[in-house]
Structures are given as C-alpha cells and as structure tokens.
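Below: the structure, in structure tokens.
There are 2 protein chains.
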Amino acid sequence: MATSVLRRVVVVGTGLVGTSIALALRANGVEVSLVDHEPAAVAMAVRLGAGVAMADHDPPADLAVIAVPPSAVVAVLEDAQDRGFARLYTDVAAVKGRLIGDARRRGCDMVGFVPGHPIYKTTSGSARADLFHGSAWVLCPEEETCPGAVEMVEVLVRLCGAEPVVMTGEIHDRATAHSLHVPYLVSSAMAAALVGVDAEVRRLVGSDVRDVTRLAEAEPADLIEALTHNAKWVADVLSGIAADLVEVSAALQLCGTGDLSFVGQVTDLLHRGNEGRRALTACGLAPDQGTS
Amino acid sequence: MATSVLRRVVVVGTGLVGTSIALALRANGVEVSLVDHEPAAVAMAVRLGAGVAMADHDPPADLAVIAVPPSAVVAVLEDAQDRGFARLYTDVAAVKGRLIGDARRRGCDMVGFVPGHPIYKTTSGSARADLFHGSAWVLCPEEETCPGAVEMVEVLVRLCGAEPVVMTGEIHDRATAHSLHVPYLVSSAMAAALVGVDAEVRRLVGSDVRDVTRLAEAEPADLIEALTHNAKWVADVLSGIAADLVEVSAALQLCGTGDLSFVGQVTDLLHRGNEGRRALTACGLAPDQGTS
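Chains A and B, in that order, are what the protein sequence lines are. 293 is the number of the first residue of the first sequence in my numbering; add one for each residue after it. 293 is the number of the first residue of the second sequence in my numbering; add one for each residue after it.
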C-alpha cells in the first residue's frame, strides 16, 4: 500500500474541532488553509497558529475537513465540492447515517467523501493540538468510497494522534445513542427530579449523584440538533430504559401494601445491569476517553 | 451545655461501618467492646485494633452503636436494650423513617435511641479510622428523644471526623432516594440497555457512559433490602423520571415522520435538568462525598 502524503488540508469551520485538527496538522508540518462563514473566527484561528486564511485562487488541497454543525455539513460539503476546495473530503459530525443519506440524495460526490467522527473527552476548553490524542476516530466509508480516500483520511487521523476505526454509519449511530445521546437525556431527567425539592434534601446529595447528573449541564441547543439526526436509535434505546423504570416504579408503589413482587423485577433489572456493566468494562476501545 | 464524655462504646456488628467507627474511637482513646453474631468477625476486628470482644459481665457502656443491616436493626436494638448493653443507643442504617416506626411499635426505648446514618464515599475497601472524615452524619431524633442522647451521639460523630446534621427521618429518606436508590436503579437500567448489543457498538462507548453506569456494579441483594425500607420515596422520585423518559422517547419515535414536536419536550426536559443541576451544585453539604 503506497503511503498517502498530506501536503495541504483545507479546514472548513474553525470551531473547537476544526481548529484543533488544524493545530495538529500544523505541528506535523502540513499546510492548512482555513475557511469559516465568520471572518473573525478565521482570524482567531490564524492567530493561534492553525494555518492561513484560504485564498480564492488556491489550487485544490489534498483533503478538506468539513468541521461544521451536523445540520450544515451536507450544504457545506456540496458547496466545497462545487468550488473544488480539495480532491478528497471528510467531516467530523457526531451523527452519520442520516447525513450520508442526505449527502447522496443531494448529489454530493460520494467517491471522494469519507464520513468521519473524531471521539474525544468532552471539554469546555479551547482548541489544542492534542485534543484527539489516544482517541478513536470513526470512519464510515460507503460501498462507493474510493479506498485511496479512506487511506488519506487515515493519515490525517494518525497525524492528530488518534486511531482510525472503520464501521458502518448505522453501527456508529447506535453506539452514539448509547454512549452520548441517551446518557444526556437520562442524566437530565435525574437532575430535573431535583427541581423544587427541599434545599434540606438537596444538601445531602453527594458525589454519586453529581456523577450521574454531570451531563445535565450541557447546552440544550447542541443536543437537540444531534437528536434530530439520530432520533431513531435514541428512541430505540431510551424506550427500553423507560419501560424498565416504569415497571420498577409501579412495583415499588405496591410495596407499601405488603406486595413484594418488586423484588423479582428489581433483581432482574440489577442483574442485567451487572451484565451490561461487565460487557462495557470488558471491551472499551478507549477506556479513558469520552465520546463527543 | 455540659460536654458529654464517651468513655466506653459497644459496637454491635463488626462489618465495614462498625469496625471503622470502632477504629476511629480507639484512635481517640475511647474503650470499645465488640459484638457480632459471627465470632470470626469479632476476632478479625480485634486483630485490626478495633477494641476487645464484649464480655457477658460488662457494665452498661455510655453508648451502643447498632451497625447491622437495616432489616436487622430493630430486633438487635431491642435485644441490646433488654440486655442493658449501654445507657444510650444509635444505629447507622441508610433508611430511617420505617425503621423508627418499627422500633416504636416493637416497644424499644425511644428516649435513649438516636437514629443515625453516617454518609461516606462508596468504597470497596476495608475498614479504616478515617472512613467518615469530612462527611455528613445524619441524626434523626424523634420528639421524645432525650437531648442528652443526641449530644452524646454528636460527640461520637465528631470523634469519627464527621459533621452531625439533624433532620427528620422523612427528609432523610427522600434525600436518600434522590441520592442513592434512584441513581442505582437508573444506572442499572442504562447498563442493562447494553446487554445483547453488538460488541462493535460497545467498543465505542466512552467514559461518559462509564460514569453514569458505575453504580450498576453494586450487589443486587444490598439494594433490594434498602428499597424494601424506602420504597415509597423511591417510587415517588422514579415515577417522575420514568414519565419524562417515556414522553421523550415517544416524541422521538415520531421524528422519523417529520413530526418535530419532540423539540419542545426535550428542550423543556433539558432546561429542567440544567436547573436541577445548578441547584445541586449550589447547595451540596459535602461536595466530595458520596452517600452510602
């Protein structure tokens, strides 16, 4: 297999992820051209050393990274391909299946497009070259995707210090529902149960609850967009969890009448929980990494 | 207020909590007599330096700590009071309201009994003198409880390095439902959702999920006993959470048909989650402590 060489990359969207990728590439001597619909964001990234602003007459780069919010990816990809930003394309959105379908329906070139999703520990910090160090970076090539395109994106992933993991968009989206979207919703429901509760009750609540409600600090707008793209799998996973909790709470309500049927139901749930937890700890790809 | 002096304490039950209390008392020069229905457990605690085995002819101690599982507390308390182990009594069970009612119905002396619950970070380690350092230790005296008894137990709490917090059994039990029992059930339901899922999906699941499913490692038997004593409040809190999740998952299921009504529902849930999380971080008693 010939080694692909990345000489110049265009990064479209200079937010946390785009700028961090650009910084990692610059640290490896790759030329980076930056584009954003907000000129101030490009200027900021340039000041951080992430590359130079893209010029109209630039020749096509080896690769363009579309690092914009999920709902904007397809339109931005189409525009970038029309204008010939690069020979090959990838994106970084946390949802894949629906985005891939939309891109195909919209008539994007799918041969040179490798859908991607870098996974990193959720952070509120600013862009940095090592954001993806030691993380998994999912790539979801379709049947028609050119193998050379996948190879080129894998070079980018490794320059960012991450490990490429190839899987289908569907598997990716189910994993994201389990690992990110459902935990956000459940965490929020648990934190919501604390609204209106006596301050005296809340005073006693310790770090166990702090752990399980941490995700409830997230910005609603970000999650709503992701859910719109991943609703099917999230509904699938969440409805099973909700059904378990409805059943257990109904059984517990009967406990006051001396009906101890909850014991069987709760024991079953807890054993399944033990089993799921064991499966999780047995096969994590990146034990110290979160998913974003 | 005269300072109560603890000269000798009887610890009934030499598990993690009982032995840790005994070690803290010994470190402060208090005499400790140990009792357990398993002689080997007493011998082990004696070897750890937690005190001496109680002898039949011992005079009543200043205080007896009943450190046995919740469902055994009332019978053990009654027996200890009958045999005159001490002048005053306290317990360490994580459930209070139902236990207090049972003790009163059983005819225990309620004047000299101070129901208690030391809170400490969940741990799988062995007994140690500093287990309760910096933690809250809830005391739930009833109307008839003698103030001198409360004062004496507060001395014990402080010798263990903890902070006494007085509240009603009902407030305590609602707090425990929020802080421990409900998180266990929800955590288990989330982990249970991972049973039978493709290994490829589980490989991608990161530390966010590890945090929210950590409690699913617990032993079912321990939780079942606690739930039996606190079913009312757990059902109350859990049914609200389950209802939120049922509603959101039903709305998400409609999203595939282009119905975006989930946006309003999810936004509402996430905002309530933000609010509950803010309330939690604003008024924690012991930010670095869990509840057990």
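Glycine included, each C-beta is placed from N, C-alpha and C at the ideal position.
By the three-class DSSP mapping on this structure, what secondary structure does Gly389 (chain A) have? Looking up residue 389 (chain A) in the first sequence gives position 97. Residue state, collapsed to three classes: helix.
May I have the straight-line CA-CA distance separating Glu330 (chain B) from Ala523 (chain B), to the nearest angstrom? The residue given as residue 330 (chain B) occupies position 38 in the second sequence. The residue given as residue 523 (chain B) occupies position 231 in the second sequence. It is roughly 30 Å from the alpha-carbon of Glu330 (chain B) to the alpha-carbon of Ala523 (chain B).
Taking 8 Å as the threshold (beta carbon to beta carbon), is Gly417 (chain A) in contact with chain B? Here residue 417 (chain A) is taken as the residue at index 125 of the first sequence, counted from 1. By this cut-off, Gly417 (chain A) is not an interface position.
What in chain A is Cβ-close to Ser479 (chain B), meaning under 8 Å? Walking along the second sequence from the start, residue 479 (chain B) turns up at place 187. Against Ser479 (chain B), the close residues of chain A are Val504 and Gly565, in the order they occur along the chain (beta-carbon pairs closer than 8 Å).
Give me, in chain order, the residues of the same chain whose beta-carbon lies closer than 6 Å to that of Ile358 (chain B); leave out the 5 immediate sequence neighbours on both sides. Along the second sequence, read from residue 1 onward, the residue named residue 358 (chain B) stands at position 66. Closer than 6 Å at Cβ, skipping near neighbours: Val304, Val365, Val368, Leu369 and Asp383.
Using a Cβ-Cβ cut-off of 8 Å, state whether Val529 (chain B) counts as contacting chain A. Counting from 1 along the second sequence, the entry for residue 529 (chain B) is found at position 237. For Val529 (chain B), a Cβ of chain A is located within less than 8 Å of the residue's own Cβ.
Any beta strand (DSSP E) of 3 or more consecutive residues that is wholly inside the segment 313–338 of chain A: The segment 313–338 of chain A contains these whole beta strand (DSSP E) runs: 323–327.
Using a Cβ-Cβ distance cut-off of 8 Å, determine whether Ala518 (chain A) contacts chain B. What you label residue 518 (chain A) is simply residue 226 of the first sequence in a count that begins at 1. Not one chain B Cβ lies under 8 Å of Ala518 (chain A).
Own chain, CB closer than 6 Å to Asn320 (chain B), minus 5 neighbours either side, in chain order: Counting from 1 along the second sequence, the entry for residue 320 (chain B) is found at position 28. Sequence-distant partners of Asn320 (chain B) (beyond 5 residues in either direction) whose C-beta falls short of 6 Å from its own C-beta, in its chain, are Leu451.
Would you say Ala467 (chain B) lies against chain A (beta-carbon separation less than 8 Å)? Here residue 467 (chain B) corresponds to residue number 175 of the second sequence, with the count starting at 1. Yes, its Cβ sits closer than 8 Å to a Cβ of chain A.
What span of residues does the alpha helix (DSSP H) with Ile516 (chain A) cover, start to end? Mapped onto the first sequence, residue 516 (chain A) falls at position 224. Ile516 (chain A) -> alpha helix (DSSP H) spans Pro512 to Cys547.
Evaluate Gly550 (chain A) with the Cβ neighbour count: other Cβ atoms within 10 Å of its Cβ, from every protein chain shown; 16 or more gives buried, anything less gives exposed. Along the first sequence, read from residue 1 onward, the residue named residue 550 (chain A) stands at position 258. Answer is exposed; the Cβ neighbour count stays below 16.
Give me the DSSP bridge partner(s) of Glu455 (chain B). Counting from 1 along the second sequence, the entry for residue 455 (chain B) is found at position 163. Paired residue(s): B:Ala428.
Straight-line gap, Ala485 (chain A) to Arg397 (chain B) (C-alpha atoms, nearest Å): What you label residue 485 (chain A) is simply residue 193 of the first sequence in a count that begins at 1. What you label residue 397 (chain B) is simply residue 105 of the second sequence in a count that begins at 1. Taking the straight line joining both Cα atoms gives about 33 Å.
Any beta carbon of chain A sitting closer than 8 Å to that of Ser329 (chain B)? Mapped onto the second sequence, residue 329 (chain B) falls at position 37. First, the amino acid is wrong: residue 329 (chain B) is His here, not Ser. Chain A contact via Cβ: absent.
Alpha carbon to alpha carbon, how far is Asp490 (chain B) from Ala535 (chain A)? In the second sequence, the residue the question calls residue 490 (chain B) occupies position 198. In the first sequence, the residue the question calls residue 535 (chain A) occupies position 243. So the two alpha carbons sit approximately 21 Å from each other.
Since Asp354 (chain B) contacts Arg318 (chain B) with CB under 8 Å, what's their CB separation in whole angstroms? Position 62 of the second sequence holds residue 354 (chain B). Position 26 of the second sequence holds residue 318 (chain B). So it is not a contact: roughly 15 Å between Cβ atoms.
Please confirm if Lys524 (chain A) has its CB atom under 8 Å from at least one CB of chain B. Numbered from its first residue, the first sequence carries residue 524 (chain A) at position 232. Judged by the 8 Å Cβ criterion, Lys524 (chain A) is in contact with chain B.
Rounded to whole angstroms, what is the Cα-Cα separation between Ala421 (chain B) and Ala454 (chain B)? Here residue 421 (chain B) refers to the residue found at position 129 when the second sequence is read from its first residue. Here residue 454 (chain B) refers to the residue found at position 162 when the second sequence is read from its first residue. Spanning the two alpha carbons is a distance of roughly 11 Å.
Can you give the Cα-Cα distance for Met336 (chain B) and Gly404 (chain B), rounded to whole angstroms? Taking the second sequence and counting its residues from 1, the one referred to as residue 336 (chain B) is at position 44. Taking the second sequence and counting its residues from 1, the one referred to as residue 404 (chain B) is at position 112. Counting only the Cα atoms, Gly404 (chain B) lies some 30 Å from Met336 (chain B).
If I follow the unbroken alpha helix (DSSP H) through Ala378 (chain B), where does it start and stop? Numbered from 1 along the second sequence, position 86 holds the residue referred to as residue 378 (chain B). That residue, Ala378 (chain B), is in no alpha helix (DSSP H); its beta strand (DSSP E) goes Ala378 to Asp383.
Give a yes or no on whether the C-beta atoms belonging to Pro410 (chain A) and Leu391 (chain A) are separated by under 8 Å. What you label residue 410 (chain A) is simply residue 118 of the first sequence in a count that begins at 1. What you label residue 391 (chain A) is simply residue 99 of the first sequence in a count that begins at 1. Not closer than 8 Å, so no.
On the DSSP bridge assignment, give the partners of His585 (chain A) in chain order. Only positions 293 to 584 of chain A appear in the structure, and residue 585 (chain A) is not among them; the question remains open.
Between Gly341 (chain A) and Pro351 (chain A), what straight-line distance do the alpha-carbon atoms span, to the nearest angstrom? On the first sequence, position 49 is the one that residue 341 (chain A) refers to. On the first sequence, position 59 is the one that residue 351 (chain A) refers to. Roughly 21 Å between the two C-alpha positions.
Within-8 Å CB hit, Val497 (chain A) to chain B: Position 205 of the first sequence, counting from 1, holds the residue named residue 497 (chain A). Taking Cβ atoms only, chain B reaches closer than 8 Å to Val497 (chain A), which makes this a yes.
Does the beta carbon of Met482 (chain A) sit closer than 8 Å to a beta carbon anywhere in chain B? One-based indexing of the first sequence puts residue 482 (chain A) at position 190. Yes, Met482 (chain A) counts as interfacial toward chain B.
Does the segment 456–467 of chain A come into contact with the segment 371–388 of chain A, if we say contact requires no fewer than three beta-carbon pairs (one atom in each stretch) closer than 8 Å? The segment 456–467 of chain A makes contact with the segment 371–388 of chain A, as at least three CB pairs between them are under 8 Å.
If the cut-off is 9 Å on Cβ atoms, which residues from the segment 344–375 of chain B count as contacting chain A, listed in chain order? Answer in chain order: no residues at all.
Can you grab the Cα-Cα spacing for the pair Gly487 (chain A) / Leu496 (chain A), in whole Å? Counted from its first residue, the first sequence places residue 487 (chain A) at position 195. Counted from its first residue, the first sequence places residue 496 (chain A) at position 204. The question names Gly, but residue 487 (chain A) is Val in the sequence shown. Between Val487 (chain A) and Leu496 (chain A), the C-alpha separation is close to 15 Å.
Would you say Met444 (chain B) and Leu530 (chain B) are within 8 Å of each other, going by their C-beta atoms? Counting from 1 along the second sequence, the entry for residue 444 (chain B) is found at position 152. Counting from 1 along the second sequence, the entry for residue 530 (chain B) is found at position 238. No, the pair does not count as a contact, with Cβ atoms beyond the cut-off.
Within a Cβ cutoff of 6 Å, which residues of the same chain sit near Tyr412 (chain A), ignoring the five residues on either side of it in sequence? Within the first sequence, numbered from 1, the residue matching residue 412 (chain A) stands at position 120. Excluding its 5 nearest sequence neighbours in each direction, Tyr412 (chain A) has C-beta neighbours in its own chain below 6 Å: Leu423, Phe424, Ser427 and Ser584, listed in chain order.
Whole-angstrom distance between Val478 (chain A) and Glu492 (chain A), CA atom to CA atom: For the purposes of this step, residue 492 (chain A) is taken as residue 200 along the first sequence, with counting starting at 1. For the purposes of this step, residue 478 (chain A) is taken as residue 186 along the first sequence, with counting starting at 1. Their backbone Cα atoms lie some 24 Å apart in a straight line.
Short of 9 Å Cβ to Cβ, which residues in the segment 533–558 of chain B face chain A? The residues in question are Ile533, Ala534, Ala535, Asp536, Leu537, Val538, Glu539, Val540, Ser541, Ala542, Ala543, Leu544, Gln545, Leu546, Cys547, Gly548, Leu552, Phe554, Val555 and Val558.
Counting along the chain, where does the alpha helix (DSSP H) carrying Arg506 (chain B) start and finish? Numbered from its first residue, the second sequence carries residue 506 (chain B) at position 214. Arg506 (chain B) -> no alpha helix (DSSP H), and no H or E assigned at all.
Who are the near neighbours of His521 (chain A) in its chain, counting only those whose CB is closer than 7 Å to its CB and skipping five residues on each side? Taking the first sequence and counting its residues from 1, one reaches residue 521 (chain A) at position 229. Within its own chain, the residues whose Cβ lies closer than 7 Å to the Cβ of His521 (chain A), once the five positions on either side in sequence are excluded, are Pro362, Val387, Arg390 and Leu391, listed in chain order.
Can you name the start and end residues of the alpha helix (DSSP H) that Asp354 (chain B) belongs to? The sequence position of residue 354 (chain B) within the second sequence is 62, counting from 1. Counting along the chain, Asp354 (chain B) falls outside any alpha helix (DSSP H), though it belongs to the beta strand (DSSP E) covering Ala353 to Ile358.
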